[in-house]
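Add 6 to the 1-based position in the sequence shown for the working numbering, that's all there is to it. Beta carbons are placed, not taken as given, at the ideal position from N, Cα and C, and that holds for glycine. It should be emphasised that the depicted structure is a prediction, and the values quoted were computed from it without experimental measurement. The structure appears right after this line, and notes come after that.
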Amino acid sequence: MRKTLIAGNWKMFKTTAEALSFAEAFKKLYKDAGAEAEAAICAPFTQLSALKGAFAGTGIKLGAQNVHFEEQGAFTGEVSPGMLVEIGVDYTIVAHSERREYFGETDETANKKLHKLFGHGISPILCVGEKLEHRDAGMEQEIVSGQLRKDLEGLGAGHAASLVIAYEPIWAIGTGRTATPEQVDSICAFIRRTACSIFGDEAGAQLRILYGGSVKPGNIAEILEIEDVDGALVGGASLVAEDFIKIVRP
Ligand code: PGA
Numbered sequence: 007m008r009k010t011l012i013a014g015n016w017k018m019f020k021t022t023a024e025a026l027s028f029a030e031a032f033k034k035l036y037k038d039a040g041a042e043a044e045a046a047i048c049a050p051f052t053q054l055s056a057l058k059g060a061f062a063g064t065g066i067k068l069g070a071q072n073v074h075f076e077e078q079g080a081f082t083g084e085v086s087p088g089m090l091v092e093i094g095v096d097y098t099i100v101a102h103s104e105r106r107e108y109f110g111e112t113d114e115t116a117n118k119k120l121h122k123l124f125g126h127g128i129s130p131i132l133c134v135g136e137k138l139e140h141r142d143a144g145m146e147q148e149i150v151s152g153q154l155r156k157d158l159e160g161l162g163a164g165h166a167a168s169l170v171i172a173y174e175p176i177w178a179i180g181t182g183r184t185a186t187p188e189q190v191d192s193i194c195a196f197i198r199r200t201a202c203s204i205f206g207d208e209a210g211a212q213l214r215i216l217y218g219g220s221v222k223p224g225n226i227a228e229i230l231e232i233e234d235v236d237g238a239l240v241g242g243a244s245l246v247a248e249d250f251i252k253i254v255r256p
């Protein structure tokens, strides 16, 4: 049974003071709502320690938005998997489309990061998705399957249960334009089939697939009804506790 995961991606928003004020408000709402879904906040590195303390004992999970694939070394500005383990993060986003576009993330680096995160017991949230021009050309399956095959190379069935794949069509991120339920259904079923062909049917059925791209309180219910969707990766609407709780507990 796959547990629904609603992960907030704060991107480069919120100071520590703002993060703590969100945490205070969200903790209370989360408890009162009796939420069944697992909720996670993927925060900037500098907010992780403070949030770890603030979420202690609440069941709210913590995620980073990136990681380096080496243990340590002369990599100015980077953060290693061991440093994230020390803080106690549960998840780490890998290869978000903004990192692929602006920071040179490739399928090769994504693959190295996945191996390292699994080695450290952190669940990766691997982002895949096509650009508008590829969707318009009917190439979305080709693009997504190319990403999955390269990003997941060398991983085995034993990794599937703690792997999360977020399908985020790039044209739906921060644009207010959500993919239709039919589009999400079709590509997420395709992702499941691809995962089953990589890991085997039993393991492929265990990994969680999230949809991301302009998820809001008003559209989460129809997204969660889709068979192969096990949750959402939420950008803008995760920044306000009162909005995010309506997605965690529609
Ligand atoms: P959005 O972002 O919800 O603001 O569209 C989603 C994401 O980039 O993960």
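On the criterion of 16 or more Cβ atoms from any shown chain inside 10 Å, does residue i qualify as buried, or is it exposed?
i, result
"residue 203", "exposed"
"residue 107", "exposed"
"residue 183", "exposed"
"residue 109", "exposed"
"residue 2", "One cannot answer for residue 2 here, as it falls past the ends of the chain, which runs 7 to 256."
"residue 208", "exposed"
"residue 234", "buried"
"residue 190", "buried"
"residue 114", "exposed"
"residue 122", "buried"
"residue 246", "exposed"
"residue 138", "exposed"
"residue 178", "buried"
"residue 2", "Lying before the first or after the last residue shown, residue 2 is absent from the chain, which here runs from 7 to 256."
Sorted by chain position, which residues of the same chain lie with C-beta nearer than 8 Å to residue i's C-beta, five sequence neighbours on each side aside?
i, result
"residue 228", "187"
"residue 94", "58 and 68"
"residue 126", "87, 88, 90 and 91"
"residue 97", "13, 46, 48, 67, 68, 69, 70, 128, 129, 130, 131 and 170"
"residue 18", "50"
"residue 223", "243, 249, 252, 253 and 256"
"residue 117", "156, 157, 158, 159 and 160"
"residue 31", "247 and 248"
"residue 145", "136"
What residues in its chain sit with their C-beta under 7 Å from that of residue i, if we drop five residues either side in the sequence?
i, result
"residue 226", "238, 253 and 256"
"residue 25", "49, 53, 56 and 57"
"residue 181", "220"
"residue 16", "47, 48, 49, 50, 244 and 245"
For residue i, which residues in the same chain have their Cβ closer than 6 Å to its Cβ, ignoring the five residues on either side in sequence?
i, result
"residue 124", "165"
"residue 71", "48 and 99"
"residue 43", "10, 12 and 254"
"residue 158", "204"
"residue 214", "8, 11, 170 and 236"
"residue 163", "205, 206 and 209"
"residue 102", "133"
"residue 22", "53 and 56"
"residue 149", "136 and 140"
Pop quiz: residue i and residue j are said to be a contact at Cβ under 8 Å. What is the actual Cβ separation, rounded to whole angstroms?
i, j, result
"residue 119", "residue 61", "Incorrect: roughly 24 Å between the Cβ atoms, too far for contact."
"residue 100", "residue 129", "No, residue 100 and residue 129 are not in contact; Cβ-Cβ is about 10 Å, not under 8 Å."
"residue 136", "residue 175", "6 Å"
"residue 172", "residue 131", "5 Å"
"residue 13", "residue 46", "4 Å"
"residue 20", "residue 28", "7 Å"
Quickly, what does DSSP pair residue i with across the bridge? List them, please.
i, result
"residue 240", "14"
"residue 83", "Looking at the DSSP assignment, residue 83 forms no beta bridge with any residue, so it has no partner."
"residue 217", "173 and 238"
"residue 131", "99 and 170"
"residue 93", "Looking at the DSSP assignment, residue 93 forms no beta bridge with any residue, so it has no partner."
Is the shortest distance between the beta-carbon of residue i and the beta-carbons of chain D less than 8 Å?
i, result
"residue 232", "Given the protein chain composition of this structure (a single chain), no chain D is represented."
Is any non-hydrogen atom of the ligand ATP found closer than 7 Å to the C-beta of residue i, if you look at the structure I gave you?
i, result
"residue 86", "Absence of the ligand ATP from the depicted structure is noted, with the ligand PGA being the only ligands included."
**OP:** Determine, using beta-carbon pairs with one atom in the segment 149-156 and one in the segment 78-88, whether at least three such pairs fall under 8 Å.
**Re:** no
Subject >> Segment contact, 8 Å Cβ cut-off, at least three pairs: the segment 242-256 with the segment 193-209 >> reply: no
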